[in-house]
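Have a look at the structure below, then the notes.
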Amino acid sequence: EYRRAQQLGHALNIREHAIELHKKFTFALGCFIMFLIGAPLGSIIKKGGLGVPILVSVFFFILYYTTNMFFEKWAKEGLIDVAISMWIPNTIFVILGTFFLIQARNDSRVFEVDNYVLFFKRVGRYLKIIKKEPELENQK
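Per my numbering, the sequence shown starts with residue 5, numbered consecutively.
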């Protein structure tokens, strides 16, 4: 069917076949990518027991799936080349998974709110938005 559509010059039909071809490979790689994201999350997120890392992993899966559908729609409409649009979500999530893997290896606290509060206080002090907290003087 693909060859016949190609010979007749049906661009839409060829695009749909190319999307399905790339989808087979991208979803297969997606399983590895979800492992690359989920495994480090189990060691990064310390609070909440088993539930919080699973919840965050499900969130990343839904985000992965919606970005795949988003770029697949663009490929069907012909806005982006099929190969590029089908591999962009995998590229994004491989980078994200590698980031989480590095953070887990360094035992960093990516998902702890206290780190972000401290960071924004430092940035605020640097930009002189937040005044420095008054230090208590030594009382005699």
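C-beta atoms are modelled at their ideal positions from N, C-alpha and C, and glycine is treated no differently. What you are looking at is a predicted structure, and each value in this text was computed from that prediction instead of being measured.
Excluding five sequence positions before and after residue 100, the CB atoms of its chain that fall closer than 7 angstroms to its own CB belong to 41, given in chain order.
Ranking 68, 21, 49 and 126 by CA distance to the CA of residue 34 puts 68 first.
Taking the Cα of residue 106 as reference, the smallest distance to any Cα among 21, 71 and 45 is reached at 45. Going by beta carbons, residue 26 and residue 90 fall inside the 7 angstroms limit. The C-beta distance from residue 98 to residue 37 rounds to 6 angstroms, short enough to meet the 8 angstroms contact threshold. Going by beta carbons, residue 57 and residue 75 fall outside the 7 angstroms limit. The beta carbon of residue 65 sits closer than 7 angstroms to those of 38, all from its chain and outside the five residues before and after it, given in chain order. The continuous alpha helix (DSSP H) containing residue 55 extends over residues 55-81.
The Cβ neighbour count for residue 79, taken over all protein chains shown within 10 Å, is at least 16; the residue is labelled buried. Relative to residue 109, the option among 24, 43 and 129 whose CA is nearest is 43. About 7 angstroms separates the CB atoms of residue 71 and residue 96; that is less than 8 angstroms, so the two are in contact. Under the 10 Å beta carbon count, residue 104 is surrounded by 16 or more other beta carbons and is classified as buried.
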